[in-house]
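The structure appears below as structure tokens.
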Amino acid sequence: MEKTLNVQGMSCGHCKMSVEGALKNLDGVSAAEVNLDAGNVDVTYDDSKITVDAMKEAIEDQGYDVE
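Residue numbers (our numbering): 11 to 77.
Now the structure itself:
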């Protein structure tokens, strides 16, 4: 499955690494690609292992808001 999440507050390379790292550490997420210009992250994941809510929570734990 693929999902694009809109994330508020990302502005730099550190933000990108924080969000991608948090997502990639989750069991079931195979890829995460942040687009700083668009303010979103494309996530490839296995929906039998992880929920969108869990991914949102991981991003919010890094200090960013998910729409």
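We put the CB at the ideal spot given by N, CA and C, even for glycine.
Quick check on residue i: does DSSP put it in helix, strand or coil?
{"i": "Asp56", "result": "coil"}
{"i": "Asp75", "result": "strand"}
{"i": "Ser40", "result": "strand"}
{"i": "Leu15", "result": "strand"}
Do residue i and residue j have their C-beta atoms within less than 9 Å of each other?
{"i": "Glu12", "j": "Asp52", "result": "yes"}
{"i": "Ala64", "j": "Asn35", "result": "no"}
Between the options, which has its C-alpha nearest residue i's C-alpha?
{"i": "Asp56", "options": "Gly73, Asn50, Glu70 and Gly38", "result": "Gly38"}
What whole-angstrom Cβ distance do residue i and residue j have, given they're in contact under 8 Å?
{"i": "Thr61", "j": "Ser40", "result": "That belief does not hold up - the Cβ atoms of Thr61 and Ser40 are roughly 15 Å apart, past 8 Å."}
{"i": "Ala32", "j": "Asp71", "result": "7 Å"}
{"i": "Val17", "j": "Glu30", "result": "That belief does not hold up - the Cβ atoms of Val17 and Glu30 are roughly 11 Å apart, past 8 Å."}
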